[in-house]
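Numbering (my numbering), first residue to last: 315 to 991.
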Amino acid sequence: MGLAPLAEVSIIAPRHRLENLLKELYSFGDFHAKAEDGRDPSLHQLEHRAELGAVNAQVLIQELKVKDQIGIMDQLFGKNLPQQKVFTAEDVRSLLDELDSNLNPLKKRVDELLQKRKEIEEQITELSGVGEALSMLAETDIDISTLQGLKRFYVLLAVVSSSEAGEIKRSLTEGAVVEKPLRDGYTLMLVAARREAGETLDRVLKSLGVKPLSIPAGLPQIPSQAYAAVSDKIERLRAEASEIEKTLEETARTHGSLLVALRDGYEIVRQALQRLGGGGLKHFALVKGYIPAEKKDEFLGKFSPSYPVFIGGGDGHSDHGGRPSLTRNRGLLAAFEKITFIQGVPRPGELDPTPYVALFFSIFYGIMFADMGQGLVILGFALFMLRKVMGELRKWAIILAVLGISSSITGFLIGEAFGFKISGTLPSPALIHLVEEHGGAKTFAIAEVQRLLIFTIFLGVLHLVIGYTLSIVKLVRERELGEALFVKLPTLAMYIFGILFGLAFFGAGGEMASILSSTSPAPLINLPTNQVGAIGVYGSVACIVVLMVGRLVAGYTGLGHRVSVISSVGQGLLEVLENIIHFLSNTISYARLTILLIVHAALMILLNSAWEALGPVSIPLLVIGNIGIILLEGMMVFIQSMRLHIYEFFSKFYEGVGEPFRRLAYETPYTRIRLEG
Numbered sequence: 315m316g317l318a319p320l321a322e323v324s325i326i327a328p329r330h331r332l333e334n335l336l337k338e339l340y341s342f343g344d345f346h347a348k349a350e351d352g353r354d355p356s357l358h359q360l361e362h363r364a365e366l367g368a369v370n371a372q373v374l375i376q377e378l379k380v381k382d383q384i385g386i387m388d389q390l391f392g393k394n395l396p397q398q399k400v401f402t403a404e405d406v407r408s409l410l411d412e413l414d415s416n417l418n419p420l421k422k423r424v425d426e427l428l429q430k431r432k433e434i435e436e437q438i439t440e441l442s443g444v445g446e447a448l449s450m451l452a453e454t455d456i457d458i459s460t461l462q463g464l465k466r467f468y469v470l471l472a473v474v475s476s477s478e479a480g481e482i483k484r485s486l487t488e489g490a491v492v493e494k495p496l497r498d499g500y501t502l503m504l505v506a507a508r509r510e511a512g513e514t515l516d517r518v519l520k521s522l523g524v525k526p527l528s529i530p531a532g533l534p535q536i537p538s539q540a541y542a543a544v545s546d547k548i549e550r551l552r553a554e555a556s557e558i559e560k561t562l563e564e565t566a567r568t569h570g571s572l573l574v575a576l577r578d579g580y581e582i583v584r585q586a587l588q589r590l591g592g593g594g595l596k597h598f599a600l601v602k603g604y605i606p607a608e609k610k611d612e613f614l615g616k617f618s619p620s621y622p623v624f625i626g627g628g629d630g631h632s633d634h635g636g637r638p639s640l641t642r643n644r645g646l647l648a649a650f651e652k653i654t655f656i657q658g659v660p661r662p663g664e665l666d667p668t669p670y671v672a673l674f675f676s677i678f679y680g681i682m683f684a685d686m687g688q689g690l691v692i693l694g695f696a697l698f699m700l701r702k703v704m705g706e707l708r709k710w711a712i713i714l715a716v717l718g719i720s721s722s723i724t725g726f727l728i729g730e731a732f733g734f735k736i737s738g739t740l741p742s743p744a745l746i747h748l749v750e751e752h753g754g755a756k757t758f759a760i761a762e763v764q765r766l767l768i769f770t771i772f773l774g775v776l777h778l779v780i781g782y783t784l785s786i787v788k789l790v791r792e793r794e795l796g797e798a799l800f801v802k803l804p805t806l807a808m809y810i811f812g813i814l815f816g817l818a819f820f821g822a823g824g825e826m827a828s829i830l831s832s833t834s835p836a837p838l839i840n841l842p843t844n845q846v847g848a849i850g851v852y853g854s855v856a857c858i859v860v861l862m863v864g865r866l867v868a869g870y871t872g873l874g875h876r877v878s879v880i881s882s883v884g885q886g887l888l889e890v891l892e893n894i895i896h897f898l899s900n901t902i903s904y905a906r907l908t909i910l911l912i913v914h915a916a917l918m919i920l921l922n923s924a925w926e927a928l929g930p931v932s933i934p935l936l937v938i939g940n941i942g943i944i945l946l947e948g949m950m951v952f953i954q955s956m957r958l959h960i961y962e963f964f965s966k967f968y969e970g971v972g973e974p975f976r977r978l979a980y981e982t983p984y985t986r987i988r989l990e991g
């Protein structure tokens with residue numbers, strides 16, 4: 315558990331052997347390269363080549379609409395699952411050559427098809443405009459070339475708006491005009507006159523915006539025949555485009571996984587080259603990074619015979635120099651890192667809260683979603699998911715399984731499955747009875763709700779006490795003894811004394827004046843209220859005094875920075891005010907554990923009323939309703955449990971601003987790279 319200690323390593327290599335060093339580091343695997351300003355020219359050239367290959371592959375993926383993400387539904391139901399492609403090469407250059415040899419022929423073929431499709435689409439667009447114009451003249455058999463060849467007569471054929479046809483006709487005082495109505499509010503107009511009047515008619519028609527009808531060269535000059543020819547050509551082009559589209563779809567089906575594998579392969583190489591600095595020396599490269607401390611001997615045995623290797627000291631708990639964080643949780647704890655990392659990765663030297671997250675997250679979820687039947691459904695789905703999914707989704711499947719078990723156990727303890735009581739069927743202890751019946755009406759038992767509320771509040775108190783305790787441990791590990799002893803420790807003590815004060819307040823019947831005089835037993839601990847009240851009041855006052863003068867004392871004893879009396883008292887008063895607000899708000903926040911369990915019980919009462927009213931006929935409704943509750947309420951409970959950790963627990967001690975340890979060698983669901991030889 316916690317963070318694994320890391321060792322900082324430095325390797326010096328001649329620049330001409332840097333590519334070979336990269337290969338050996340990649341084969342070693344557990345090496346986190348440290349960011350360096352200097353870049354080796356040869357590696358930078360290879361990085362540019364890898365980046366270009368990744369971009370080209372990504373463009374093809376987008377053009378072919380290849381799905382490059384394996385969705386959870388695909389994994390669950392086994393649809394289009396890719397086979398991981400393994401690329402093996404002697405070195406990085408050979409690897410890039412192999413990737414290029416796979417990508418370039420495919421890229422050339424697809425580029426040719428895409429270019430041809432583009433040209434066809436442009437032709438179709440151009441011909442569609444011509445065809446749209448000719449479609450109105452599809453039944454016109456006038457030969458335009460014959461009209462244009464007349465020598466003694468001026469003849470013009472034009473398509474005009476029907477609303478303007480009358481005005482045009484009145485403006486043509488010379489010559490004859492013949493009209494033929496067309497569709498869409500247009501009219502075919504034939505103007506004929508003596509050749510001598512042609513120039514005058516041209517000026518008049520141009521002033522009215524009338525253009526002579528023309529058919530592009532290469533097409534029959536009879537409109538009906540031209541329209542038929544254009545329509546036929548468009549159909550042929552569309553058929554050709556359809557064939558190209560089918561070819562592209564077939565290419566995507568047969569080579570889509572390969573394209574994604576190539577893209578990932580280029581990206582893996584690019585990142586490895588980008589992360590590996592070369593230092594600022596002219597003839598030698600200085601490579602720095604981090605390895606797990608437990609692998610120092612293995613690292614020295616592999617690299618020291620060929621290169622000068624320097625391994626720095628340190629226990630891996632220093633946060634300077636950009637040191638990454640490598641967690642060493644295993645099994646269930648490794649899965650619950652997904653929850654912790656929502657807040658962030660622990661920085662070096664910081665406490666890893668994952669063990670506490672795994673415990674309390676499961677408990678909180680189980681309380682809020684206490685149902686044996688629905689918990690078993692979640693467990694069953696998680697086990698099914700665990701068999702089907704890959705990669706990081708397996709960790710989420712493990713988390714779901716744990717949460718399902720927690721819900722089932724809690725549901726068994728309260729004697730409930732799918733909202734029905736099981737105490738008569740299974741030997742359930744039925745620790746609480748939230749729902750009671752009176753004359754056929756179901757109501758919540760106030761006394762049981764109060765018991766549950768008290769339990770969840772004190773569970774929250776335990777959670778917060780652990781958080782405050784870890785904040786003290788964190789400061790002690792960071793050598794901030796003054797802050798730990800005179801700020802965080804009094805804060806923890808003040809919280810505990812505040813809890814005792816609250817118990818005394820309730821033991822005195824809510825009367826402040828009786829806290830120090832009442833001899834009735836305080837709730838939960840059964841000690842006399844006046845004793846509990848005295849401890850709570852005087853202890854809280856002592857903690858307030860320590861918070862006000864603690865920084866001053868820490869400065870004089872050398873455990874902290876020197877501050878003035880006014881500064882110490884002022885900061886202490888602010889600390890006290892902030893503590894009181896946080897104590898109340900954080901503690902009350904855990905009441906949501908009870909509230910959501912009551913909401914769950916209310917929903918199940920409402921749903922199961924269908925069974926009482928309809929009997930077996932309501933089974934489909936019950937199935938659908940339970941599925942809906944599992945999905946919606948299960949997600950809501952997850953979010954609330956997450957909130958309790960982020961805002962109430964993590965805020966006490968956990969920052970989560972570390973950099974994760976990134977191995978130089980990694981793989982994707984599509985790609986794995988091996989450098990051998």
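By construction, the Cβ of each residue, glycine as well, lies at the ideal position given by its N, Cα and C atoms.
Exercise for the section: Tell me where the alpha helix (DSSP H) around Ala540 begins and ends. Expected result: That run of the alpha helix (DSSP H) goes 537–589.
Practice task
Compare the Cα-Cα distances from Gly796 to each of Arg353, Ala856, Gly869, Val583 and report the closest residue.
Solution key: Put simply, of Arg353, Ala856, Gly869, Val583 the residue whose alpha carbon is nearest the alpha carbon of Gly796 is Gly869.
Exercise for the section: Closer than 6 Å by C-beta to Gly385: which residues in its own chain qualify, once you throw out the five before and the five after it? Chain order, please. Expected result: No residues qualify anywhere along the chain.
Problem - Residue interval of the alpha helix (DSSP H) (run including Ile625) - result: Taken as a continuous stretch (DSSP letters only), Ile625 belongs to no alpha helix (DSSP H), being part of the beta strand (DSSP E) at 623–625.
Handout entry: Under 8 Å between C-beta atoms of Tyr621 and Leu335
Key = Taking 8 Å as the Cβ cut-off, Tyr621 and Leu335 qualify as a contacting pair.
Exercise for the section: Please report the residue range of the alpha helix (DSSP H) in which Arg906 lies. Expected result: Residue range 906–928 is occupied by the alpha helix (DSSP H) that includes Arg906.
Problem - Cβ-based neighbour list, Leu921, same chain, cut-off 6 Å, excluding 5 preceding and 5 following - result: Sequence-distant Cβ neighbours of Leu921 in its own chain, meaning closer than 6 Å and more than five residues away, are Gly939.
Problem - Within 8 Å, strictly: CB atoms of Leu504 and Leu471 - result: For Leu504 and Leu471, yes; Cβs fall inside 8 Å.
Practice task
Would you mind sorting Leu748 into buried or exposed? The rule is 16 or more other CB atoms within 10 Å of its CB.
Solution key: Buried, because 16 or more other Cβ atoms sit within 10 Å of the Cβ of Leu748.
Handout entry: Per-residue burial, Thr805 [other beta carbons within 10 Å of its own, 16 or more giving buried]
Key = With 16 or more Cβ atoms within 10 Å of its Cβ, Thr805 is classed as buried.
Exercise for the section: Tell me whether Gly687 sits in a helix, a strand or coil according to DSSP, three-state version. Expected result: Looking at Gly687 - three-state DSSP - the assignment turns out to be helix.
Handout entry: Proximity winner among Phe467, Pro495, Glu488, relative to Ser477 (alpha-carbon distances)
Key = Closest option to Ser477, Cα to Cα, is Pro495.
Problem - Gly480 versus Val474 - alpha carbon distance - result: Their Cα atoms are separated by approximately 10 Å.
Exercise for the section: Take every Cβ of the region 599–609, pair it with every Cβ of the region 428–448, and state whether three or more of those distances are shorter than 8 Å. Expected result: Segments in contact, no.
Exercise for the section: Please classify Ser882: is it buried, with 16 or more other beta-carbons within 10 angstroms of its beta-carbon, or exposed? Expected result: The residue is buried, with at least 16 neighbouring Cβ atoms inside 10 Å.
Handout entry: Cutoff 8 Å; reference Thr770; Cβ partners in own chain excluding five residues on either side
Key = Result list for Thr770: Ile681, Tyr904, Ala905, Leu907, Thr908, in chain order.
Handout entry: Chain-order list of residues whose beta-carbon lies under 7 Å from that of Glu750 (same chain, five-residue window excluded)
Key = Only Thr757, Ala759 meet the Cβ criterion.
Practice task
Excluding the 5 residues preceding and the 5 following Thr561 in the sequence, name in chain order all residues of the same chain whose CB lies nearer than 8 Å to its CB.
Solution key: Non-local beta-carbon contacts of Thr561 in its own chain, meaning distances under 8 Å to residues more than five positions away in sequence, involve Leu427 in chain order.
Handout entry: Proximity below 8 Å, CB of Asp666 to CB of Gly316
Key = In this structure, Gly316 lies closer than 8 Å to Asp666 by Cβ.
Practice task
Just confirm the distance between the C-beta atoms of Ser571 and Pro396, as a whole number of angstroms; I'd bet it's less than 8 Å.
Solution key: Yes, Ser571 and Pro396 are in contact; Cβ-Cβ is about 4 Å, under 8 Å.
Handout entry: Whole-angstrom C-beta distance between Ser832 and Gly821, which should lie under 8 Å
Key = Yes, Gly821 and Ser832 are in contact; Cβ-Cβ is about 6 Å, under 8 Å.
Practice task
For Gly630, count neighbouring Cβ atoms within 10 angstroms of its own Cβ and tell me buried if that reaches 16, exposed if not.
Solution key: Since pLDDT at Gly630 reaches only 45, below the 50 mark, its modelled position is unreliable, and no value is offered.
Handout entry: Cβ neighbours of Gly733 in the same chain (closer than 6 Å, five flanking residues each side left out)
Key = Excluding positions up to five away in sequence, the list reads Met918, Asn922.
Exercise for the section: Look at Ala684 and Ala696 and say whether their C-beta atoms are less than 8 Å apart. Expected result: No, the pair does not count as a contact, with Cβ atoms beyond the cut-off.
Problem - N-terminal and C-terminal residue of the beta strand (DSSP E) that Ser324 is part of - result: For Ser324, the enclosing beta strand (DSSP E) covers residues 320–328.
Exercise for the section: Let me know the secondary structure DSSP gives Glu440 once reduced to three states. Expected result: Residue state, collapsed to three classes: helix.
Practice task
Could you please give me the residues that DSSP links to Glu751 through a beta bridge?
Solution key: Per DSSP, Lys756.
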